[in-house]
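Heads up: the sequence shown begins at 243 in my numbering, then just goes up one per residue.
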Amino acid sequence: MCGITGYVGEEEAAPLLYNGLKRMEYRGYDSAGIATISGNQLVVKKDAGKVAEINNYLDFLSMRGKIGIAHTRWATHGGVTKENAHPHVSCKIDVAVIHNGIIENHQQLKEALKADGHIFNSETDTEVIAHLLEKHAEKHKDSKRIVLETVKDLKGSFAFLAIFASDPETLIGARKDAPLAIGITRRGNFIASDILAFIDYTDRVIFLDNREIAVVKQDKVQIYNFAGRPVQKQITQVAWEAKDTSKAEFAHYTTKEIHEQPQTLKAALYQDQDKIKRFVEAVKQSEHVNITACGTSYHAGLVLRNLLARLAKIRSGITLSSEFAHDAELIGPDSLLIGLSQSGETADLLSAVADAKKKGAEVFSILNVVGSTLDRESALSLSINCGPEIGVAATKSFTGQLAIAYLLAFSVVDDMRRLSELRNIWKAVEEVLKQEDKVVDVADKYKDCNDFYFVGRGLHLPIALEGALKLKELAYNHAEGMAGGELKHGTLALIEEGTPVVVLNPEDETYDEMLSNASEMKARGARIIGVSNKPNQIYDEFIEIPKVDKLLYPLIEVIPLQMLAYHAAVLRKKDPDYPRNLAKSVTVK
Ligand code: AGP
Numbered sequence: 243m244c245g246i247t248g249y250v251g252e253e254e255a256a257p258l259l260y261n262g263l264k265r266m267e268y269r270g271y272d273s274a275g276i277a278t279i280s281g282n283q284l285v286v287k288k289d290a291g292k293v294a295e296i297n298n299y300l301d302f303l304s305m306r307g308k309i310g311i312a313h314t315r316w317a318t319h320g321g322v323t324k325e326n327a328h329p330h331v332s333c334k335i336d337v338a339v340i341h342n343g344i345i346e347n348h349q350q351l352k353e354a355l356k357a358d359g360h361i362f363n364s365e366t367d368t369e370v371i372a373h374l375l376e377k378h379a380e381k382h383k384d385s386k387r388i389v390l391e392t393v394k395d396l397k398g399s400f401a402f403l404a405i406f407a408s409d410p411e412t413l414i415g416a417r418k419d420a421p422l423a424i425g426i427t428r429r430g431n432f433i434a435s436d437i438l439a440f441i442d443y444t445d446r447v448i449f450l451d452n453r454e455i456a457v458v459k460q461d462k463v464q465i466y467n468f469a470g471r472p473v474q475k476q477i478t479q480v481a482w483e484a485k486d487t488s489k490a491e492f493a494h495y496t497t498k499e500i501h502e503q504p505q506t507l508k509a510a511l512y513q514d515q516d517k518i519k520r521f522v523e524a525v526k527q528s529e530h531v532n533i534t535a536c537g538t539s540y541h542a543g544l545v546l547r548n549l550l551a552r553l554a555k556i557r558s559g560i561t562l563s564s565e566f567a568h569d570a571e572l573i574g575p576d577s578l579l580i581g582l583s584q585s586g587e588t589a590d591l592l593s594a595v596a597d598a599k600k601k602g603a604e605v606f607s608i609l610n611v612v613g614s615t616l617d618r619e620s621a622l623s624l625s626i627n628c629g630p631e632i633g634v635a636a637t638k639s640f641t642g643q644l645a646i647a648y649l650l651a652f653s654v655v656d657d658m659r660r661l662s663e664l665r666n667i668w669k670a671v672e673e674v675l676k677q678e679d680k681v682v683d684v685a686d687k688y689k690d691c692n693d694f695y696f697v698g699r700g701l702h703l704p705i706a707l708e709g710a711l712k713l714k715e716l717a718y719n720h721a722e723g724m725a726g727g728e729l730k731h732g733t734l735a736l737i738e739e740g741t742p743v744v745v746l747n748p749e750d751e752t753y754d755e756m757l758s759n760a761s762e763m764k765a766r767g768a769r770i771i772g773v774s775n776k777p778n779q780i781y782d783e784f785i786e787i788p789k790v791d792k793l794l795y796p797l798i799e800v801i802p803l804q805m806l807a808y809h810a811a812v813l814r815k816k817d818p819d820y821p822r823n824l825a826k827s828v829t830v831k
């Protein structure tokens, strides 16, 4: 969840690292810090707060040295304080460390290190790594060996970077269950948790695998496994470009990403036909198809499950990745597990994938980040190709995942007419985006309501869940998504005068029943916000969407819900790009 980056090369490190921190701030943004080595002196600057604010008084950019590490934090162990911010140093201040992940045995390690005389300055699990490195440095001179000895002591998940005052030309990274990638340039090299940290300087990347360390110098990169044996790696050229990470003319990344959807939908549908064929065949042939994902990606998975059942009569199971360990008894060698993920690094999902592979299942995935751990763990993956998604709330990645779900389901049944409608759906998305003024009115009217309900049936239910999730995470209103038929089983008791209810009601087989639900709620005082291609007097507010094939409505009806959450957040003076307590990529369990 934290962002980590390091550089060694010909250039001054601090400006490159500072830029990387700003690029990675979406991964965690409660504290930040940089350590550099100049001569043989290690200097650390860090504090709680946002990167740019801290820089205003600490002046990261003035730090000297051609090697350094930098961290942006999303707290797991220890409060949000200067002491707990990374980098952490050893007692002698000759080793600095930054870390993403959780060291599960940090308590025991800390006790043992304290008994040996080490003095701790923070409440973090990370600080034990710095002291362990110092301890092993008493016996070993070689930085690589010191790191290899240290990883033997650690339990849990980690990606960490270390620099040593005694070895100012070497940057070392170690990875177990948290991502690390190396960016190669002619004038030096980077290691980071995220390619965005160095995308301004290079698109040539080496992805580390689990249980590997990278020993990086200005002109040399060597990879070893945890046993110390050298590992050969390919350099990958990544497709993202620095311009993809700008906000362009938009106030926030989130609104930029919402507005990019006509283009990103086209990109998602541009797929290698051979891969689609292989995916489709595997789905058709498999005894058991299972789907797993978290959060928004799970909602896309619900749509995929519904489409496979409805169109192809393929029964598939779907499990939240965080529940997979408790609910995947049926997974076995005849199972196909489909994982959906924007980042490809979500810890719960990766653990479900590992579990399924152990049981002999085949793993396929639908993801955005090519080269991510999920990508490398999958026998076949389809990329949604939506470019970097920086807003913490998933928007364009959701519609990208939906597009691929439709592409697969229509291909399974060879529905050429719908495939052609799907390829043109971006035009309807453009139409919906024109409803933004209406959505702003609605957001303004209801923004301070304590509770919102989003109601839909059939294919609209996952979108109701997604609309509620967006409003919760961006605007901090309590919101619930639910099936229309479930209202009378309990939730109707909560509807009172003025309660806003978003009713997803385009014309399909759910239309009449949803109107009845809307009437039931209106009779109890609800204010009905109708999202439909057809107006009705029952709606207090009407957000019009164009008429499209009845199966395709989810792809367009989610757009006003994304805009509603975004504008409610802005009107409530919340930062939509960096919602409190959340991070973009949830790499801890
Ligand atoms: C969505 O807005 C959230 N930020 C979150 O639910 C996200 O979808 C979830 O953490 C899964 O992430 P992934 O798609 O990168 O695996």
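Beta carbons are placed, not taken as given, at the ideal position from N, Cα and C, and that holds for glycine. None of the values given here were measured: they were computed from a predicted structure.
Which first and last residues belong to the beta strand (DSSP E) in which residue 516 is found? Premise fails: residue 516 lies in the alpha helix (DSSP H), 515 to 527, not in any beta strand (DSSP E).
In angstroms, rounded to a whole number, what distance separates the CA positions of residue 302 and residue 274? 10 Å
Please determine whether the Cβ atom of residue 806 lies at a distance below 8 Å from any heavy atom of the ligand AGP. no
Can you tell me whether DSSP reads residue 557 as helix, strand or coil? coil
Residue nearest to residue 841 in terms of C-alpha spacing, selected from 359, 455, 555: Residue 841 lies beyond the range of the chain shown here (243 to 831); nothing can be said about it.
Any heavy atom of the ligand AGP closer than 8 Å to the beta-carbon of residue 757? no
Check: residue 741 C-beta below 8 Å from any heavy atom of the ligand AGP: no
Which same chain residues, not among the five before or five after residue 392, have their C-beta less than 7 Å away from its C-beta? 371, 374, 375, 378
So the candidates are 619, 329, 529, 567; which of them puts its Cα closest to the Cα of residue 555? 529
Answer yes or no: the CB of residue 538 versus the heavy atoms of the ligand AGP, is any distance below 8 Å? yes
For residue 828, count neighbouring C-beta atoms within 10 Å of its own C-beta (all shown protein chains included) and say buried if the count is 16 or more, exposed if not. buried
Cβ-heavy atom distance between residue 535 and the ligand AGP below 8 Å? yes
Whose C-beta lies closer than 8 Å to the C-beta of residue 597 among residues of the same chain, with five residues either side of it excluded? 566, 567, 570, 573
To the nearest angstrom, how far is it from the Cα of residue 418 to the Cα of residue 345? 11 Å
Can you tell me which of 630, 420, 409, 330 puts its alpha carbon nearest to the alpha carbon of residue 313? 330
Closer than 8 Å: residue 370 CB and nearest the ligand AGP heavy atom: no
Look at the alpha carbon of residue 268 and the alpha carbon of residue 773, and state the distance between them as a whole number of angstroms. 31 Å
Taking the alpha-carbon of residue 536 as reference, which of 591, 816, 619, 748 has the nearest alpha-carbon? 591
Residue span of the beta strand (DSSP E) that contains residue 247, given as start and end: 245 to 251
Run the proximity test for residue 586: is its beta-carbon closer than 8 Å to any non-hydrogen atom belonging to the ligand AGP? yes
For residue 403 and residue 433, believed in contact at Cβ under 8 Å, the rounded distance: 6 Å
If we require 4 or more residues per run, which alpha helix (DSSP H) segments fall completely within the region 281 to 325? 293 to 300
When DSSP labels each residue in this structure, what does residue 464 get in the three-state scheme? strand
Contact between the region 430 to 444 and the region 352 to 366 (3+ Cβ pairs under 8 Å): no
When you compare each of 618, 595, 586, 633 to residue 610 by their alpha carbons, which one comes out closest? 586
Measure the C-alpha to C-alpha separation of residue 426 and residue 258 and round it to an integer number of angstroms. 14 Å
Looking at residue 794: is its Cβ nearer than 9 Å to the Cβ of residue 636? no
Kindly examine the ligand AGP and report whether one of its heavy atoms sits closer than 8 Å to the Cβ of residue 583. yes
Alpha carbon to alpha carbon, how far is residue 448 from residue 311? Give it in angstroms, no decimals. 18 Å
From residue 526 to residue 753, what distance separates their C-alpha atoms? 31 Å
Whole runs of the beta strand (DSSP E) within the region 388 to 454, excluding any shorter than 3 residues: 398 to 406, 413 to 418, 423 to 427, 430 to 434, 446 to 449
Burial state of residue 809, where buried means 16 or more other Cβ atoms lie within 10 Å: buried
Reference residue 562; option with closest CA among 579, 575, 553, 632: 579
Going by the CB atoms, is the gap between residue 807 and residue 698 shorter than 9 Å? no
Distance check for residue 731 and residue 261, CA to CA, integer angstroms please. 52 Å
On the DSSP letters alone, give me the boundaries of the alpha helix (DSSP H) that residue 501 sits inside. 495 to 501
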